[in-house]
Amino acid sequence: MSPPLDVEVCADLSALNRSSADWLEREIRAAVAARGSCSVALSGGRSPRPFLEDLAARALPWGQVRFFFVDERCVPPDDPESNFRMAREALFEPARIDPSRIHRMEGERADRDAAARDYEALLPAELDVVVLGIGEDGHTASLFPGSPLLDERVRKVAAAFGPKPPPWRLTLTPPVLLAARRTVMITAGKGKAQAVARALVGDAPVKDVPARLARQARWILDREAAAELPR
Ligand code: 6PG
């Protein structure tokens, strides 16, 4: 019998973003209270921007927080497609995060494997908080359906080639995601409903639906993204 799911369905996008920032604030404060620090790994894409902007306006113990990335596109850090650029604009600059507390994946490097290995050395043994998104194909991080990285058990960071442009990325691998103390999956919109249902119910393999890796996470959805979940 698998443990119960931890799913919050929000009335609309505004409620989803507020609830996501609330969850992140609670988990960051809890980690700092328990261990004196908090490591947070952020995903990219379009979804995180509004809740990161909300979080940036809150008076959190930013001096005890270190930021990492779940994945990064292999583009320069000032590229519109850069996950770092999105987080810098939405959170790091508005909250005046000390740059020494931000660990950027160097996706722009020609030697992607070297960049991945260098990033592995920066990671803590366990991330305190991981923020994930889900694609319509069921990917999460830059772990796409059928990817050989879904069988990776040794490397913590790897170069990934996927169908979502830009194709080359650096990504955390399943062992790192599964070792995280607290993970939240945040998504909205009817385009994600099927992927959410395939990730949370039924028995599709992780190879087909990588977001199943986050099955035990906290899922914060809007009604549209939750539409295909059993009532
Ligand atoms: C990326 C993300 C990716 C994202 C999903 C959802 O770099 O593309 O890390 O995993 O979370 O593709 O993206 P949206 O939030 O834009 O729908």
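Going by our numbering, the first residue of the sequence shown is number 714, and it counts up by one from there. Cβ coordinates follow ideal geometry from the N, Cα and C atoms, glycine included.
Helix, strand or coil for residue i? Go by DSSP, reduced to three states.
i: E839; result: coil
i: L942; result: coil
i: R866; result: coil
i: R759; result: coil
On the DSSP letters alone, give me the boundaries of the beta strand (DSSP E) that residue i sits inside.
i: L729; result: Unbroken run through L729 is the alpha helix (DSSP H), 726 to 748; no beta strand (DSSP E).
i: D719; result: 719 to 723
i: F874; result: 870 to 874
i: L934; result: 931 to 935
With distance defined between alpha-carbon atoms, name the residue in the options nearest to residue i.
i: G859; options: L755, V914, P918; result: P918
i: A664; options: L913, D935, G757; result: Within the shown structure, residues of the chain are numbered from 714 to 944, placing residue 664 beyond reach of any answer.
i: K920; options: E941, T853, G904, A939; result: T853
i: E819; options: R779, V783, D935, E806; result: V783
i: L729; options: D791, A838, W932, G875; result: W932
i: F780; options: I815, F857, G904, P790; result: I815
i: D811; options: L840, A892, R894, G776; result: G776
i: K905; options: E785, D916, A940; result: A940
i: W881; options: P887, A872, V909, P888; result: A872
i: G851; options: D841, V842, L863; result: L863
i: P879; options: L885, E785, A803; result: E785
i: S732; options: R809, P717, D767, L890; result: D767
i: R866; options: V745, E937, G875, T886; result: T886
i: V788; options: R894, G915, G902, L883; result: L883
i: R679; options: A938, L891, K903; result: In the structure as shown, the chain begins at 714 and stops at 944. Residue 679 is therefore absent and cannot be evaluated.
i: V870; options: P763, P793, R771, R830; result: R830
i: R868; options: P807, S813, Q907, Y832; result: Y832
i: E937; options: G915, D916, A908, A930; result: A908
i: P807; options: R762, V745, S855; result: R762
i: A772; options: R801, G749, P793, D735; result: D735
From what residue to what residue does the alpha helix (DSSP H) around residue i run?
i: F797; result: 796 to 800
Practice problem: For the segment 877 to 928, list the alpha helix (DSSP H) runs that are entirely contained and at least 4 residues long, ordered along the chain. | Solution: 887 to 892, 906 to 913
Quiz item: Three or more C-beta pairs closer than 8 Å, one from the segment 844 to 854 and one from the segment 883 to 902: is that the case here?
Solution: yes
Quiz item: Which runs of the beta strand (DSSP E) spanning at least 3 residues fall entirely within the segment 767 to 838, listed in chain order?
Solution: 778 to 782, 784 to 786
Practice problem: Would you be able to state if there are at least three C-beta pairs under 8 Å between the segment 722 to 734 and the segment 743 to 758? | Solution: no
Quiz item: Do the segment 735 to 750 and the segment 817 to 836 touch if we need at least three Cβ pairs shorter than 8 Å?
Solution: no
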